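Residue numbers (the numbering used here), protein chains in the order written: chain A, 4 to 310; chain B, 78 to 578.
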Amino acid sequence: MESLFDLSLINSTLRMMAPLLLAGLGGAICSRVGVFNVGLDGLMLMGAFLGIAANAYTNNVWLAILIAIIGTTIFSALYGYMMIDLQANMIVTGIAMNFLSIGMTTFALRTIFDVQGAYYNNEMQGLPVWEIPVIDSIPLVGNLLSGQSPIVYLGIVCTILMYIFFKKSVAGSHFDAVGINPTAAKSQGIKVRRIQYLAVLISGILCALAGAQLSLGQVTMFSENMTAGRGFIALVATMLGQSNPIGVFLSSGLFGFTEAISIRLQGLNVPTNFTLMLPYVITILAMFIFKDKNQLSALKNSAGSSR
Amino acid sequence: MLLELKGITKKYGDFTANDHIDFSLNKQEIHAIVGENGAGKTTLMRMLYGMEKPTSGEIVIAGKSKTIDNPNDAIALGIGMVHQHFMLFPPFTIAENVVFHHEPRKSWRYDRKKAAEEVSQLAKKFGMNIDPLQIVGDAPVGIQQRVEILKVLYQGADVIILDEPTAVLTPLEVKDLLASLRELVKMGKSIILITHKLNEVMAVSDRVTVLRDGKVTGTLETRETNPEELSRLMVGRELKNNPLPEKVKGKEVLSIKNVSMTDKDSGKSLLENISFQVQQGEIVGIAGVSGNGQSELIQAITGLASVQNGSVTLNGTELTNQSVKQIREAGLAHIPEDRYLWGAAKEASLVDNMMMTDYVKQEFQKSGVLKLKNIRKYVTDSIKKFNVKTTSIDTSAQFLSGGNLQKLIAAREIQKNTPFLLAAEPTRGVDIGAMEFIHEQLIEKRNNGDAVLLISSELSEILALSDRVLVMYEGKIAGEFERNEASEEKLSILMAGGRNE
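What follows is the structure, given as structure tokens:
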């Protein structure tokens with residue numbers, strides 16, 4: 004068992020959880036303002052594709068990430084327009100966005116790069132690995148935390164920022180108010196639609212980063228539907244974490260851990276079919292054990308607004 | 078003169094909601110606006126609060142003509158409004174709700190400590206006893222209303238508009254609220270009170286303006302008028318006094334024996350050993366502050382919840398824990414206490430709502446095919462008879478005002494002509510004219526020899542209609558009175574948990 008559980012497992016957990024964490028935070032901020040974001044997966048996929056595509060053209064990974072963010076944010080604005088302005092059912096819209104995203108990226112992959120299934124280029128530079136100076140020099144901790152892509156660290160920073168935003172700031176309290184009772188918020192002069200749009204756009208940015216971590220951080224390639232449902236696992240992380248940033252961090256940590264374990268197990272002669280199943284099984288189990296009132300009420304709102 | 082409305086007119090297309098209304102408010106005055114549903118009270122106040130724009134007319138504040146385009150303008154002019162439906166955030170604390178959108182802050186940070194202190198001081202200043210750190214969702218309705226008033230005060234309002242503030246309160250909370258309003262006036266505030274409860278107007282206001290069909294029918298000094306004059310101005314005619322003719326003793330229709338119900342989750346006792354009968358030709362009233370087991374009793378009788386103990390019999394048929402359909406077939410009609418939750422399908426048309434249980438009757442269907450012609454005629458006639466105001470019988474029920482929907486439900490249930498009618502809060506949120514009509518119908522049903530069980534938190538209703546009164550307190554029957562023994566004082570004491578001497 005020594006080779007299954009060792010310190011580098013934490014390192015790979017951090018790497019695996021980063022996309023779930025970022026998308027999960029995006030889901031959390033939406034849920035806090037009463038928007039049930041089922042489209043996380045599609046937004047992530049869009050971010051992953053745009054990251055690779057832009058990188059292929061610009062040969063600059065930072066510029067690629069910027070383009071991924073801008074493109075995904077525009078895509079999320081379309082999503083927001085349908086949910087907030089057109090009052091379309093949130094779940095139906097979200098599922099539509101996911102399919103639209105799969106279709107668009109697959110189509111673009113075939114027309115732009117003329118390949119089917121996956122695109123990769125050995126000369127393409129992925130995200131660099133950062134050795135954080137101070138932490139790196141601490142003996143044990145250095146091995147655990149250092150040597151990740153910048154997006155992994157950004158995920159941790161975002162968690163802390165979002166925590167402070169909701170806990171301490173006036174604006175955070177207004178975001179919460181919109182999620183709890185939009186009519187009351189409106190009657191007090193709060194611009195409800197603007198706040199909901201902001202949340203959806205922020206989730207677009209976070210999902211773009213999550214997608215970029217998948218396609219430029221963990222590997223340097225794009226394959227059709229490469230998120231493989233991670234957006235939905237992120238959605239579960241949102242629910243499991245009660246839309247609280249720290250909770251989302253912990254629950255995406257759990258899922259990242261199972262993903263890391265399942266990769267380890269493959270090296271131990273455990274059937275791949277079983278190990279690949281593991282993260283999803285844990286997700287379902289987690290759904291049974293925990294319920295999130297915020298998400299449920301966002302769901303209820305969405306059911307009401309569809310009429 | 079603090080505030081004056083001159084010749085305010087509001088038109089929606091061809092419909093005139095307010096027709097040249099003149100209104101004035103003096104400093105430190107409580108000025109009540111009364112009128113039936115749809116008389117234009119709320120429209121008028123929404124214009125003053127900047128939520129609607131008048132078609133013509135002038136708003137004068139402190140001698141200067143003003144335009145109020147949105148609630149923020151109104152707040153800046155010192156006008157605050159407490160809405161009929163609370164605008165609160167239940168998971169937030171009282172302090173957070175009060176200071177909302179005017180939060181004390183240190184740059185971008187929310188200074189919650191200062192918010193709590195300020196709210197605590199404000200409450201103390203106006204003699205309100207609240208804990209600023211309590212979560213609003215955990216606070217009783219009376220406190221939540223205080224939070225709404227504090228919110229308006231925190232924003233610096235000198236004129237406070239209260240839109241039907243007592244509709245959701247228990248009688249004790251109403252008393253507290255009225256005392257608080259007097260206190261506010263003493264502290265220099267001025268209040269506009271919208272209501273249709275005349276006893277509150279008489280108890281607390283200085284002047285009254287009566288609206289009918291969008292026009293002012295009178296502005297009176299409260300001490301120079303009386304409820305009879307006011308209701309005449311509101312309804313436009315003399316209200317009938319419906320005396321109850323002497324009761325003829327009949328046989329027992331509904332019999333409840335030792336019924337008990339406990340909450341499955343907490344094991345808390347909801348109903349304890351309830352026993353009573355309702356006979357032919359009588360109205361039995363059940364009084365009590367809401368939440369003392371009335372809802373559970375209704376559910377036990379109508380089959381909406383199961384009881385653990387005891388029996389319910391209707392016309393000799395044992396109906397304990399039977400299905401709703403069986404109970405209705407045995408002769409129950411039921412005006413539910415919550416017209417939206419139990420009483421109507423909001424999105425369905427008036428026709429569908431009226432037919433809800435009657436569609437199986439021979440006159441409305443033949444081997445499963447509806448006789449639409451008969452149905453439409455029946456619905457049209459009922460709507461005419463019960464004076465339900467609607468544009469068409471195919472309108473969805475959600476577009477009816479609360480009072481009109483209540484009349485529709487009453488029409489459906491009363492016209493079933495069953496031997497027993499359970500009427501729960503039959504006139505909640507209904508204006509005087511409609512209330513009078515529903516009361517007449519209940520009395521007529523009684524006079525025809527049917528049995529009526531009336532459950533109401535409105536004491537005046539219980540006293541006006543009941544041959545016998547039972548008082549419920551904490552899931553038990555706390556006392557029973559014959560009609561001639563019952564008085565508001567005696568009932569109030571039992572309702573508040575006191576003893577009957």
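Glycine included, C-beta positions come from ideal geometry on N, C-alpha and C. On a predicted model such as this, the values are computed, not experimentally measured, just so you know.
What's the C-alpha gap between T275(A) and V213(B)?
-> Within the first sequence, residue 275(A) is the residue found at index 272, counting from 1. Within the second sequence, residue 213(B) is the residue found at index 136, counting from 1. Going from the Cα of T275(A) to the Cα of V213(B) covers about 52 Å.
Cβ pair count under 8 Å reaching 3, the stretch 214 to 224 of chain B against the stretch 202 to 213 of chain A | no
Are the Cβ atoms of I107(B) and D283(B) separated by less than 7 Å?
-> As a first step, residue 107(B) must be located in the second sequence, where it is residue number 30. As a first step, residue 283(B) must be located in the second sequence, where it is residue number 206. Yes.
Nearest candidate by alpha-carbon position, reference E559(B), set K252(B), V355(B), E81(B) | Looking up residue 559(B) in the second sequence gives position 482. Selected option, being the one with the closest Cα: V355(B).
Sorted by chain position, which residues of the same chain lie with C-beta nearer than 7 Å to M78(B)'s C-beta, five sequence neighbours on each side aside?
-> One-based indexing of the second sequence puts residue 78(B) at position 1. So the qualifying residues of the chain are S101, N103.
Length of the line joining the Cα atoms of F110(A) and M128(B) | Indexing the first sequence from 1 puts residue 110(A) at position 107. Indexing the second sequence from 1 puts residue 128(B) at position 51. Cα-Cα distance, rounded: 50 Å.
Span separating the alpha-carbon of G27(A) from that of I193(A) | As a working mapping, residue 27(A) is identified with position 24 in the first sequence. As a working mapping, residue 193(A) is identified with position 190 in the first sequence. Approximately 26 Å, taken between the alpha carbons.
Would you call the stretch 337 to 352 of chain B and the stretch 523 to 541 of chain B in contact, with 3 or more CB pairs under 8 Å?
-> no
Return yes when the Cβ of F177(B) is within less than 7 Å of the Cβ of Q199(A), no when it is not.
-> Here residue 199(A) is taken as the residue at index 196 of the first sequence, counted from 1. Here residue 177(B) is taken as the residue at index 100 of the second sequence, counted from 1. Cβ distance not < 7 Å, so Q199(A) and F177(B) don't count as in contact.
Determine, using beta carbons only, whether T170(B) and L210(B) come nearer to each other than 7 Å.
-> Residue 170(B) sits at position 93 when you count from the first residue of the second sequence. Residue 210(B) sits at position 133 when you count from the first residue of the second sequence. Result yes, Cβ atoms of T170(B) and L210(B) sit closer than 7 Å.
Would you say F476(B) reaches chain A, if we count a Cβ-Cβ gap shorter than 7 Å as a contact?
-> For the purposes of this step, residue 476(B) is identified with residue 399 of the second sequence, where counting begins at 1. No - not a single Cβ of chain A is within 7 Å of the one on F476(B).
Does the count of Cβ pairs from the stretch 376 to 393 of chain B and the stretch 468 to 482 of chain B closer than 8 Å reach three?
-> no
Proximal residues, the stretch 550 to 571 of chain B versus chain A, C-beta separation under 8 Å | none
Report the three-state DSSP secondary structure of A3(A) (helix, strand or coil).
-> Here chain A comprises residues numbered 4 to 310, so residue 3(A) is not present and cannot be evaluated.
Taking only beta-carbon atoms, is I32(A) less than 7 Å away from chain B?
-> On the first sequence, residue 32(A) is found 29 positions in, with the first residue counted as 1. Not an interface residue.
Interface residues of chain B facing S246(A) [CB-CB closer than 9 Å] = Taking the first residue of the first sequence as 1, we reach residue 246(A) at position 243. Simply none; closest approach about 12 Å.
Heavy atom of the ligand SAM less than 6 Å from the Cβ of G37(A), yes or no?
-> In the structure shown, the ligand SAM is absent, as is every other ligand, since no ligand is present at all.
Best match in N398(B), I269(B), T379(B) for proximity to G387(B) [C-alpha to C-alpha] = Taking the second sequence and counting its residues from 1, one reaches residue 387(B) at position 310. Selected option, being the one with the closest Cα: N398(B).
D96(B) lies in the beta strand (DSSP E); which residues open and close that run?
-> The residue you call residue 96(B) lines up with position 19 of the second sequence. D96(B) -> beta strand (DSSP E) spans 92 to 102.
F178(A), buried or exposed, once every other Cβ within 10 Å from all chains shown has been counted against 16 = By 1-based counting over the first sequence, the position of residue 178(A) is 175. It counts as buried.
With 7 Å as the limit, tell me which residues of the stretch 396 to 422 of chain B have their beta carbon closer than that to any beta carbon of chain A; keep them in chain order.
-> none
Please work out which residues of its chain come closer than 7 Å, Cβ to Cβ, to T434(B), disregarding the five sequence neighbours upstream and downstream, and give them in chain order.
-> Looking up residue 434(B) in the second sequence gives position 357. Correct list, in chain order: R405.
Own chain residues within Cβ distance below 7 Å of N369(B), not counting five before or after = Locating residue 369(B) in the second sequence gives position 292, counting from the first residue. So the list reads M549, Y550, E551, G552, once near-sequence residues are dropped.
Classify S400(B) as helix, strand or coil using the three-state DSSP reduction.
-> Along the second sequence, one-based indexing puts residue 400(B) at 323. DSSP places S400(B) in coil when its eight states are reduced to three.
Within-7 Å CB hit, H97(B) to chain A = In the second sequence, the residue the question calls residue 97(B) occupies position 20. Taking Cβ atoms only, chain A never reaches closer than 7 Å to H97(B), which makes this a no.
Considering only residues of the same chain and omitting the five flanking positions on each side of A240(A), which have a CB-CB separation below 7 Å?
-> The residue given as residue 240(A) occupies position 237 in the first sequence. The answer, listed in chain order, is L23, G27, V251, S254, S255, F258.
In the stretch 214 to 248 of chain B, which residue ranges form an unbroken beta strand (DSSP E) of at least 3 residues, counting only runs that do not cross its ends?
-> 236 to 240
C-alpha gap between S537(B) and E517(B), whole angstroms = Here residue 537(B) is taken as the residue at index 460 of the second sequence, counted from 1. Here residue 517(B) is taken as the residue at index 440 of the second sequence, counted from 1. About 15 Å.
With a Cβ-Cβ cutoff of 7 Å, do I539(B) and I486(B) count as a contact?
-> Position 462 of the second sequence, counting from 1, holds the residue named residue 539(B). Position 409 of the second sequence, counting from 1, holds the residue named residue 486(B). Going by C-beta atoms, I539(B) is not nearer than 7 Å to I486(B).
Starting from the C-beta of Q442(B), find all residues in its chain whose C-beta is less than 8 Å away, skip the five residues before and the five after it, and write them out in chain order.
-> Residue numbering aside, residue 442(B) sits at position 365 when the second sequence is read from its first letter. Counting only Cβ-Cβ distances below 8 Å, and skipping sequence neighbours, we find Y436, K448.
Between the Cα of N228(A) and those of L46(A), C33(A), I141(A), spot the shortest distance and give me the residue it belongs to.
-> As a position in the first sequence, residue 228(A) is number 225, starting the count at 1. Minimum Cα distance to N228(A) is reached at L46(A).
Delimiting residues of the beta strand (DSSP E) encompassing T339(B) = The count along the second sequence starts at 1 and reaches residue 339(B) at position 262. Segment 329 to 339, the beta strand (DSSP E) holding T339(B).
Answer with yes or no whether the minimum CB distance from N184(A) to chain B is below 7 Å.
-> Here the question's residue 184(A) lines up with position 181 in the first sequence. Closer than 7 Å: yes.
Take N464(B) and list the residues in its own chain whose beta-carbon comes closer than 7 Å to its own, dropping the five residues that flank it on each side.
-> Translated into the one-based positions of the second sequence, residue 464(B) becomes position 387. Answer for N464(B): K484, F514, listed in chain order.
Compare the C-beta of A202(A) against all C-beta atoms of chain B and say whether one is closer than 7 Å.
-> Taking the first sequence and counting its residues from 1, one reaches residue 202(A) at position 199. Judged by the 7 Å Cβ criterion, A202(A) is not in contact with chain B.
Give a yes or no on whether the C-beta atoms belonging to L130(A) and G220(A) are separated by under 7 Å.
-> As a first step, residue 130(A) must be located in the first sequence, where it is residue number 127. As a first step, residue 220(A) must be located in the first sequence, where it is residue number 217. Contact: yes.
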